[in-house]
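Beneath this line is the structure, given in structure tokens, with notes to follow.
2 protein chains.
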Amino acid sequence: MPDRTEDVIDQLHALMHLFKDRMRQALNVDGGGLGPTEARALRFFSHHPGSTQQDLVAHSGRDKAQITRIVQQLMERELLAREPDPNDGRRFNLQLTKKGLALQEAMHTQRKKLAADMLRDLSKDERQQLGGLLERMRESAEGSSTAASERIASR
Amino acid sequence: MPDRTEDVIDQLHALMHLFKDRMRQALNVDGGGLGPTEARALRFFSHHPGSTQQDLVAHSGRDKAQITRIVQQLMERELLAREPDPNDGRRFNLQLTKKGLALQEAMHTQRKKLAADMLRDLSKDERQQLGGLLERMRESAEGSSTAASERIASR
DNA sequence: TGAAATGGTTGATACAATCAACCAATATTG
DNA sequence: CAATATTGGTTGATTGTATCAACCATTTCA
Chain A
0 MPDRTEDVID
10 QLHALMHLFK
20 DRMRQALNVD
30 GGGLGPTEAR
40 ALRFFSHHPG
50 STQQDLVAHS
60 GRDKAQITRI
70 VQQLMERELL
80 AREPDPNDGR
90 RFNLQLTKKG
100 LALQEAMHTQ
110 RKKLAADMLR
120 DLSKDERQQL
130 GGLLERMRES
140 AEGSSTAASE
150 RIASR
Chain B
0 MPDRTEDVID
10 QLHALMHLFK
20 DRMRQALNVD
30 GGGLGPTEAR
40 ALRFFSHHPG
50 STQQDLVAHS
60 GRDKAQITRI
70 VQQLMERELL
80 AREPDPNDGR
90 RFNLQLTKKG
100 LALQEAMHTQ
110 RKKLAADMLR
120 DLSKDERQQL
130 GGLLERMRES
140 AEGSSTAASE
150 RIASR
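Which chain is which? The protein sequence lines are A and B, in order.
Sequence positions in the first sequence follow numbering that gives the first Met the number 0 and run 0 to 154.
Sequence positions in the second sequence follow numbering that gives the first Met the number 0 and run 0 to 154.
Below is the structure:
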């Protein structure tokens with residue numbers, strides 16, 4: 000009897016690469032040349048409007064400096080805007096601009112389309128099943144986090 | 000009723016990040032400081048002994064030059080060795096050295112351990128199920144490859 | 001008030017990845 | 001067979017992403 004344990008990981012790998020490739024491809028057309036990191040940052044601030052750079056640092060695990068630069072780029076493109084926090088002179092609260100919102104919306108749609116396409120051969124029940132299994136897998140996997148890898152996966 | 004379609008993708012993302020993080024972490028201890036790219040290259044030549052660099056280029060989709068450099072590094076560390084192809088003066092056939100095999104074996108074990116750990120809360124049946132679902136997902140996803148993304152996911 | 005912590009910026013630097021140009025060997029074709 | 005194209009591989013230049021360290025301004029805490 001086959002083990003499957005490793006197969007599962009391989010499948011995950013393969014699937015993610017497929018998805019990433021297509022997403023990147025879609026971004027180049029649809030996302031005005033946003034890199035994947037920028038896209039994720041935009042996504043983050045769209046899900047957590049008014050957050051600070053520091054929040055993204057904590058959430059993504061990337062370096063402060065890098066986040067600063069990404070945010071700068073997004074602001075230069077006028078996809079993101081910031082205003083000083085009235086209560087704390089160090090913080091800046093970030094949120095998407097109109098333009099940013101529109102782009103984010105477009106990317107979200109693309110993302111959904113891609114996801115739907117990859118799942119098109121599974122029945123509704125099977126999707127539910129798959130989602131459930133993956134979720135349980137993730138939960139138990141996260142549970143056993145080693146001290147050094149305490150950062151949150153980037154959604 | 001919830002859609003789940005996007006959830007599934009998110010779960011995939013999260014899982015891959017978890018796995019990658021831990022694998023990287025494990026590599027730093029166990030893999031003598033191999034980067035993920037080098038580790039994958041080693042893995043490839045262990046699965047396809049006697050292949051050429053070009054084979055890896057085709058399989059991984061990365062740039063020729065980069066592959067050359069990775070292979071060079073692996074050879075400097077004496078994990079990989081090459082000999083000229085007797086039938087074609089351009090080719091070099093590559094295979095792991097003893098040292099390379101040992102390392103690869105150690106990494107393989109780690110990998111299996113990680114995978115097993117992530118799946119520990121699923122029953123045997125559920126693993127089978129999950130594997131099957133993922134495989135079908137991958138197959139149908141690969142089917143609809145767009146012209147520009149014709150490269151093979153890196154296993 | 002002085003010391004430490006926090007949010008953010010900047011400069012130097014490392015590294016992976018890609019592109020373009022190139023060499024040597026082989027295949028193709030007229 | 002000679003000229004040409006293709007293939008496997010290498011090298012140099014360049015870009016993009018990430019990290020580290022030092023730093024400034026503001027806030028918090030002792």
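The C-beta atom is built at its ideal place from N, Cα and C for all residues, glycine as well.
Comparing C-alpha distances from E138/A to each of E5/B, P48/B, F18/B, R3/B shows the shortest one belongs to F18/B. Taking 8 Å as the upper bound for CB-CB distance, Q103/B and S45/B are in contact here, some 5 Å apart.
Under the Cβ criterion (8 Å, minimum of three pairs), the stretch 55 to 75 of chain A does not count as touching the stretch 9 to 17 of chain A. Chain A places a beta carbon closer than 8 Å to that of E141/B, counting this residue as a contact. Closest option to K98/A, judged by alpha-carbon separation, among P85/A, M74/A, A115/A, A25/A: M74/A.
With respect to M136/A, M22/B sits apart: the two C-beta atoms are not nearer than 8 Å. Taking 8 Å as the CB threshold, A114/B lines the interface with chain A. Under the DSSP assignment, P83/A falls in the beta strand (DSSP E) whose first and last residues are 79 to 83. Taking a C-beta cut-off of 8 Å against chain A, none of the residues of the stretch 76 to 91 of chain B qualify. At least one CB atom of chain B sits nearer than 8 Å to the CB of E125/A. Between D120/A and chain B, the shortest Cβ-Cβ separation is below 8 Å.
Annotation: A40/A to F43/B spans about 33 Å, alpha carbon to alpha carbon. L93/A and L79/A do touch by the CB rule: their CB atoms are close to 6 Å apart, below 8 Å. For Q128/B, the neighbours in chain A by C-beta distance under 8 Å run, in chain order, Q128, L132. Shortest Cα-Cα distance from T4/B to any of G142/A, Q128/A, Q24/A involves Q128/A. For the stretch 2 to 14 of chain B, the set of residues with a beta-carbon nearer than 7 Å to any beta-carbon of chain A comprises R3, T4, E5, D6, V7, I8, D9, Q10, L11, H12, A13, L14, in chain order. At a cut-off of 8 Å between beta-carbon atoms, M117/A makes contact with chain B. Excluding its 5 nearest sequence neighbours in each direction, R126/A has C-beta neighbours in its own chain below 7 Å: L118, listed in chain order. Apart from sequence neighbours up to five positions away, the residues of its chain that approach E37/B with a beta-carbon distance below 8 Å are I69, Q72, L73, ordered along the chain. Under the three-state reduction of DSSP, N86/A is assigned to coil, being neither helix nor strand. In the assembly as shown, A25/B is a buried residue. Its beta-carbon has 16 or more other beta-carbons within 10 Å. Between G30/A and M106/A, the C-beta spacing is below 8 Å. Residue contact check for R42/A against chain B: no CB pair falls below 8 Å.
For I66/B, the CB contacts under 8 Å within the same chain, skipping 5 residues up- and downstream, are A40, Q52, L55, V56, S59 in chain order.
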